[in-house]
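Remarks on the structure that follows.
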Amino acid sequence: MKRLSLLLAGWALFALNACVIDASESGANATVETQTETFIDPDATKESALGLIFGMPQIDDRLDYPGGDREDWRYIIVAEQGVMSVTINVDQPQKIDGGWNIIDSEGRVLHRQSFSKTEGYYEFSNFPVKQGIYYFQVYATAGKSIYTIATSFTPTVAAPVMVAQNETFDDDEEEEAPVVKKTTHKGSKKKAKKQDDDEPAPKKKAEKPAPVATGKTVKGFISLITPKSDGSAEVTIRNAGKNKGVETGAIGKIVGTSIKIEMTQCFPTSCKALVPASANPKGLKQGADVEFSL
């Protein structure tokens, strides 16, 4: 009985040692290494690009060079000839190095721009495009940041052709040529003058009515504030641009304040304005709403 107990104890010790050896040399540590060292970035190549659709809300994404997310690609399908605009807003430009490109269907680079440490908003606006697939590429060479992208498209509309309508006559009506009679009668000049007086005066063209306000309200938001040395500040307003009827010279009101600002430059999806020092631009915050009454 004692001998049997010793044999069982020895067998258990042998099995335990085998388990320890297997755990130290096989999958346990190897699995941890696989999970911690492998990084999957689904949109890191042109072939695996994700879609970017006109008219859809802006898309948020991120670049993280230390974490392995160093490059993102988006494809844009253009169905007809027109003009396109692409915008990108980097949340923390001071913490990232990199840039972005726009590439056409033939692989040609239409736009190339590097990021700035002092500017977070970039736009390539109203460039002509034709039917095909275009690509948006953004990359980081150091650092990390969240970014936002959006795109818009305006098709090329052919100018309408005005066709003059010819005057038509009924078949049973024939235009008679005027008959000129020669006469030496003394009263002929008076008669001709009377006929001229009987002719109706030419009609005046109707004047076009003056433009009337539509009563439409457009709302955007401040995405970037750039202080100036004189105490003023330049602000970038997004979601309010030419595609919504906001043009250069339009007046916007910052919601929650009495500050009114005039647009100095407008793009398809955004505008820029200058806030004077007298309006205390230091109190402005990113994300503040701006309303336009059109």
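Under my numbering, the sequence shown has 328 at position 242, and the numbering climbs by one with no breaks. Backbone N, C-alpha and C define an ideal beta-carbon position, used for all residues, glycine too. The structure presented is a predicted model; accordingly, all values stated were derived computationally and were not measured.
CB of Arg-160 within 8 Å of CB of Phe-222, strictly: Result yes, Cβ atoms of Arg-160 and Phe-222 sit closer than 8 Å.
The beta strand (DSSP E) that contains Met-142, what's its start and end? Segment: none, Met-142 is in no beta strand (DSSP E) and carries neither H nor E.
Cα-Cα separation between Arg-198 and Ala-374, rounded to whole angstroms: 31 Å
Whose C-beta lies closer than 7 Å to the C-beta of Gly-335 among residues of the same chain, with five residues either side of it excluded? Glu-348 and Met-349
Thr-303 to Thr-234 span [Cα, whole Å]: 25 Å
Would a C-beta distance cut-off of 8 Å place Gly-306 and Leu-380 closer than the cut-off? no
Does any residue of chain C have a CB that is nearer than 8 Å to the CB of Val-304? Of the protein chains in this structure there is only one, and it is not chain C.
Tell whether a beta-carbon distance below 8 Å holds between Glu-209 and Phe-378. no
Does DSSP put Pro-179 in a helix, in a strand, or in coil? Residue state, collapsed to three classes: helix.
Should Asp-256 be labelled buried (16 or more other beta-carbon atoms within 10 Å of its own) or exposed? Its pLDDT being 48, under 50, Asp-256 is placed unreliably by the model, and the measurement read from it follows with that caveat. Its Cβ having fewer than 16 others within 10 Å, Asp-256 is exposed.
In whole angstroms, what separates the C-alpha of Asn-325 from that of Ser-356? Near 6 Å, if we compare the C-alpha coordinates of Ser-356 and Asn-325.
Could you compute how far the alpha carbon of Gly-327 sits from the alpha carbon of Val-243? 20 Å
Among residues of its own chain, excluding the 5 on either side of Lys-294, which ones have a beta-carbon nearer than 7 Å to its beta-carbon? Caution applies to Lys-294, whose pLDDT of 49 falls short of 50 and renders its modelled position unreliable; the value that the coordinates give is listed next. Excluding positions up to five away in sequence, the list is empty.
Unbroken beta strand (DSSP E) run spanning Gly-373, endpoints: Careful: Gly-373 lies outside any beta strand (DSSP E) and carries neither H nor E.
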